[in-house]
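Residue numbers (UniProt numbering): 1 to 981.
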């Protein structure tokens, strides 16, 4: 068959003319634009993702694209075993099947010439199409249009299937990097929902002013714009009042991207008391951004059918910076000159000292010898003892914020380490210090459910009313702070913020003596992390279930997972694992300033100590470590908070951007905790170790199975960034491992709707990540267990009964989770930590969970530190500073052992050993037999991962032991995602 005959037959195909016209009217691409199409073992996947040169499949249009903006448009059924099609990149060939068959009104079989391997590539501005010779005539003799149509329209589902045409949908491409976007203004807007919308300005203002005054009608028009990557919201402007036709924003956005998208979408909206009215949307194709050049353009604003809405337009400017162009990508903290995370409210501080804490207390001689650099060994520290000492020795100020603060706890409980006055309760200690003239200020979250109609301490048992009443009339100033919204939301949003979200920061700030004896000067010391000063938090690395019920935990029995649990009915108590930090130097003053911002916003009376008046006593912010001291730290403070909780945020988006804040819809937000995680993950070279109370997010990338991902709103990037990091390393042929430790289930009755909904979100998050990883492995032809790259754990304990144990006076109700757990003598150790370690050189510790509530910035208020030791970086050799020692101490706590392979967590030997140990411990935990105490607490999270990344139940493990709670969770039809995500 000649080329002209092929062209003649193909020209009969309908609907191809538009493609030919486009292809022939655009210039060819240069060789530098060409990138490698996917190997055939990747073509059966939904998509593969990663660094430059990867090809990505859009499941809707069945097309493939790469980040260079090139789109491969076959509608071949690439999974067909009966097809032989060779798709050529610039340096490799891949094949599928045996023969190429095309079917028109007649039957045509087009065969490849086995003698030729030269292939022919046709390039356009946005398309790359490569095909080997499909007939004996050299492809170069085929007309461009004929070959193009052949490639576009070939469909190879089998002998009896008819030809299909590809839909004109644009393929989604991976944006992984940073997008700088500016929304300048809109012009000629038309609001069909408002009669005064297009009236002259003076008439419009007159009518709308009357409506505002008398409360009738819509009132003043407030216009704002949003930015979406497909259905993921990534930016929002402030509202412009009384300019419904030509609003001018001139707002810029620094957007971190890890999204599949075909368009950047700009939506213009009118704010309503409830909800908003869409004027229209403007679209900018993602493929136009991928070359990294700046685009400054007026875009048509269109209706739902993509038809222009009159003359409405919006003026935008965008520039995309691919992550591969980031000089810190996969290179760690490269030197002591690393400046920290950019575009943040607080800059990085040098000359600091950091103390790391695992759990509230560490018994003597628990931690074995852990060698560090410079001939040193790791030394553990004791959090609540240090906080007790800091409060006891304060002379001028004690500032505390907490999700919960309980006055009846004691901070010192180790009988082998008694302290003078250590048996005093926290409430008594604070009253005593206040009576001595120390300024004691407390900001405790006001749980709006703790009212008379509900139980006294609220649905979350924070004791807020009880704590306020305890200090009433004393010298301690305790203020209950609701999570007030700012001025940006609708009535519904304001209600949801005040009732659903919390103040979650956990900090203590005190003045402290200087290290040198005899000095009367003081300095500021701060504590930041996950530990609230409340009941249920005190624990050691033994995490006992039953053996401390007649001593340490008799008056501090905490077990909220069983509805009727009490000390009278006995254990198991809920053990508590947490992480905290102590900060000294300039960073401690940043924590102080955060408290002052919050007090000025919600504290009421101006009771803050004026430190300028004490400048002779309390030294101003200054380094506490010499630059040449090898134990010095560089530390940066991060937050999730908005103007509803912090005083002094700028009023304008321009000033907010200069201050490292995010603006949107009359809302100023600090969401730098998420930024810190993103930067740390992108810098990572070898491994990441995470412990967190929650692990869910990047819902825009979840599979739409039973849900609409765009309705979930868990948009933070952290899980997706982790998956893309692993994928990039697989593609580069390098080892990388992510370890994640989470609780078995979120604290609460495990069968409850809220707990099951969160577990469902967690399962979807895991599945999204494992899908990315398994596809990357398949694309490289690697047969491997995806858990060798990403692995999840939980913590649990199991104890044999000992003589002399506490004997409860009552028994749990029969056939309940409580009674079954007591009989089996097992329970989870609750992971409440909020920590990430990267390459043993960088650590983040704070109050923020890996969920949208904590990472959003406009939901729960949070605080975190991120730091490293500049003399202990993973440059030429692995880091062996305090962070390494801390991780090894945590692994010893969890595994009950140390091994030389733990020195290189990224290695296959290490991750497989840890997985084997955790699987063994899970088998012992879940077994019907109890022969001995668990030798360690790290349990493999009870899920399976299929070859396509689908997360499954383990055989016989639909429910967590002793419960009827599904491990994979269950979608809630009544629980709003904003509450559980």
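Note that beta-carbon positions come from the ideal geometry of N, C-alpha and C, so glycine has one too.
Practice problem: Compare the C-alpha of residue 886 against each of 543, 372, 936 and name the closest. | Solution: Counting from one through the chain shown, the residue named residue 886 turns up at place 886. Taking only the C-alpha atoms, the option nearest residue 886 is 372.
Quiz prompt | Classification of residue 712 by the beta-carbon crowding that lies within 10 angstroms, buried from 16 upward | solution = By 1-based counting over the chain shown, the position of residue 712 is 712. Residue 712 should be labelled buried.
Quiz item: Once you ignore the five residues that flank residue 940 on each side, which residues in its own chain have a CB closer than 7 Å to its CB?
Solution: Residue 940 sits at position 940 when you count from the first residue of the chain shown. Closer than 7 Å at the Cβ level, and outside the excluded window around residue 940, lie 793, 915, 918, 919, 922.
Quiz item: Helix, strand or coil: how does DSSP classify residue 513 here?
Solution: Taking the first residue of the chain shown as position 1, residue 513 is located at position 513. Judged by DSSP in its simplified three-state form, residue 513 adopts strand.
Exercise. Count the other CB atoms, across all protein chains shown, that sit within 10 Å of the CB of residue 564; report buried if there are 16 or more and exposed otherwise.
Key: For the purposes of this step, residue 564 is taken as the residue at position 564 of the chain shown. Around the Cβ of residue 564, a 10 Å sphere holds fewer than 16 other Cβ atoms; the residue is exposed.
Self-check item: Among 348, 571, 399, nearest to residue 805 - alpha-carbon criterion
Solution: Within the chain shown, the letter at position 805 stands for residue 805. It is 571 whose Cα lies nearest to the Cα of residue 805.
Exercise. Taking the CB atoms as reference points, tell me whether residue 730 and residue 789 lie closer together than 9 Å.
Key: As a working note, residue 730 is residue 730 in the chain shown. As a working note, residue 789 is residue 789 in the chain shown. The answer is yes: Cβ separation under 9 Å.
Quiz item: Can you give the Cα-Cα distance for residue 202 and residue 178, rounded to whole angstroms?
Solution: Residue 202 sits at position 202 when you count from the first residue of the chain shown. Residue 178 sits at position 178 when you count from the first residue of the chain shown. For residue 202, the predicted structure reports a pLDDT of 47, less than 50, and the residue's modelled location is therefore unreliable. The matter cannot be settled from this model.
Exercise. Output the distance between the C-alpha atoms of residue 986 and residue 900, rounded to the nearest integer angstrom.
Key: The question about residue 986 has no answer, for the chain in this structure spans 1 to 981.
Quiz item: Count the other CB atoms within 10 Å of the CB of residue 634; is the residue buried (16 or more) or exposed (fewer)?
Solution: Here residue 634 refers to the residue found at position 634 of the chain shown. Residue environment for residue 634: buried (at least 16 other C-beta atoms within 10 angstroms of its C-beta).
Self-check item: Of the residues 313, 813, 716, 946, the one placed nearest residue 569, counting alpha carbons only
Solution: Indexing the chain shown from 1 puts residue 569 at position 569. Among 313, 813, 716, 946, the Cα nearest to that of residue 569 is on 813.
Practice problem: Taking residue 252 as part of the beta strand (DSSP E), name the residues at either end of that continuous run. | Solution: Numbered from its first residue, the chain shown carries residue 252 at position 252. 248-261 is the extent of the beta strand (DSSP E) around residue 252.
Practice problem: Mind checking who residue 317 pairs with in its DSSP beta bridge? | Solution: For the purposes of this step, residue 317 is taken as the residue at position 317 of the chain shown. For residue 317, which the question treats as bridged, DSSP gives the partners 182, 296.
Practice problem: In the DSSP assignment, find the beta strand (DSSP E) that holds residue 232 and state where it starts and stops. | Solution: As a position in the chain shown, residue 232 is number 232, starting the count at 1. Unbroken beta strand (DSSP E) run through residue 232: 232-236.
Quiz prompt | Beta-bridge pairing of residue 584 - partner residues as DSSP gives them | solution = If you number the chain shown from 1, residue 584 lands on position 584. Its beta-bridge partners are 353, 525.
Quiz item: Which residue from 436, 842, 698, 837 puts its Cα closest to that of residue 234?
Solution: What you label residue 234 is simply residue 234 of the chain shown in a count that begins at 1. Cα-wise, what sits closest to residue 234 is 698.
Quiz item: For residue 638, which of 175, 349, 176 has the nearest alpha-carbon?
Solution: Along the chain shown, one-based indexing puts residue 638 at 638. Measuring from the Cα of residue 638, the nearest candidate turns out to be 349.
Quiz item: residue 398 and residue 510 look like a contact to me (Cβ under 8 Å); what is the Cβ gap, rounded to whole Å?
Solution: Along the chain shown, one-based indexing puts residue 398 at 398. Along the chain shown, one-based indexing puts residue 510 at 510. Your pair residue 398 and residue 510 checks out as a contact, with CB atoms roughly 5 Å apart and the cut at 8 Å.
Exercise. Please confirm whether residue 401 and residue 672 have their CB atoms less than 9 Å apart.
Key: Here residue 401 is taken as the residue at index 401 of the chain shown, counted from 1. Here residue 672 is taken as the residue at index 672 of the chain shown, counted from 1. No, the pair does not count as a contact, with Cβ atoms beyond the cut-off.
Exercise. Would you mind sorting residue 174 into buried or exposed? The rule is 16 or more other CB atoms within 10 Å of its CB.
Key: Taking the first residue of the chain shown as position 1, residue 174 is located at position 174. It is buried - the Cβ of residue 174 has at least 16 other Cβ atoms within 10 Å.
Self-check item: residue 361 burial status per 10 Å Cβ neighbour count (16 or more: buried)
Solution: By 1-based counting over the chain shown, the position of residue 361 is 361. Burial call: buried.
Quiz prompt | Distance, residue 961 Cα to residue 752 Cα | solution = For the purposes of this step, residue 752 is taken as residue 752 along the chain shown, with counting starting at 1. For the purposes of this step, residue 961 is taken as residue 961 along the chain shown, with counting starting at 1. Cα to Cα, the separation comes out at about 16 Å.
Quiz item: Since residue 355 contacts residue 582 with CB under 8 Å, what's their CB separation in whole angstroms?
Solution: Indexing the chain shown from 1 puts residue 355 at position 355. Indexing the chain shown from 1 puts residue 582 at position 582. The pair is a contact, with the Cβ atoms about 4 Å apart (cut-off 8 Å).
Quiz item: Who are the near neighbours of residue 808 in its chain, counting only those whose CB is closer than 7 Å to its CB and skipping five residues on each side?
Solution: Walking along the chain shown from the start, residue 808 turns up at place 808. Annotation for residue 808: 568, 569, 570 place their beta carbon closer than 7 Å to its own, counting only its chain and skipping 5 residues before and after.
Practice problem: Check each candidate in 953, 465, 352, 596 and name the one with the smallest Cα separation from residue 482. | Solution: Within the chain shown, the letter at position 482 stands for residue 482. Ranking the options by Cα distance to residue 482, first place goes to 465.
Quiz item: Taking the continuous alpha helix (DSSP H) assigned at residue 658, which residues delimit it?
Solution: As a first step, residue 658 is located in the chain shown; it is residue number 658 there, counting from the start. Under the DSSP assignment, residue 658 falls in the alpha helix (DSSP H) whose first and last residues are 653-658.
Exercise. Verify whether the separation of the beta carbon atoms of residue 385 and residue 412 is less than 9 Å.
Key: Counting from 1 along the chain shown, the entry for residue 385 is found at position 385. Counting from 1 along the chain shown, the entry for residue 412 is found at position 412. Yes; because the gap between Cβ atoms is below 9 Å, this pair is in contact.
Self-check item: Rounded distance between the beta-carbons of residue 742 and residue 831, thought under 8 Å
Solution: As a working note, residue 831 is residue 831 in the chain shown. As a working note, residue 742 is residue 742 in the chain shown. Contact holds; Cβ gap of about 6 Å.
Quiz item: Once you ignore the five residues that flank residue 451 on each side, which residues in its own chain have a CB closer than 6 Å to its CB?
Solution: Along the chain shown, one-based indexing puts residue 451 at 451. Confidence in residue 451 is poor, its pLDDT being 40 and thus under 50, which makes the residue's placement too unreliable to answer from.
Exercise. With DSSP collapsed to three states, give me the class of residue 962.
Key: Position 962 of the chain shown, counting from 1, holds the residue named residue 962. Residue 962: coil per DSSP, three-state reduction.
Quiz item: Between the region 743-762 and the region 279-298, are three or more C-beta pairs nearer than 8 Å?
Solution: Per the Cβ contact rule, the region 743-762 is not in contact with the region 279-298 (fewer than 3 Cβ pairs under 8 Å).
Quiz prompt | Backbone CA spacing between residue 267 and residue 226 [nearest angstrom] | solution = Residue numbering aside, residue 267 sits at position 267 when the chain shown is read from its first letter. Residue numbering aside, residue 226 sits at position 226 when the chain shown is read from its first letter. Using only the alpha carbons, I get a separation of about 5 Å.
Quiz prompt | Buried or exposed by the 16-neighbour rule on C-beta atoms within 10 Å, applied to residue 647 | solution = Here residue 647 refers to the residue found at position 647 when the chain shown is read from its first residue. The residue in question, residue 647, is exposed, as its Cβ has fewer than 16 Cβ neighbours within 10 Å.
Self-check item: Classification of residue 833 by the beta-carbon crowding that lies within 10 angstroms, buried from 16 upward
Solution: Here residue 833 refers to the residue found at position 833 when the chain shown is read from its first residue. Residue 833 should be labelled buried.
Practice problem: Give the DSSP-derived three-state secondary structure of residue 736 in the structure shown. | Solution: By 1-based counting over the chain shown, the position of residue 736 is 736. The three-state secondary structure of residue 736, taken from DSSP, is coil.
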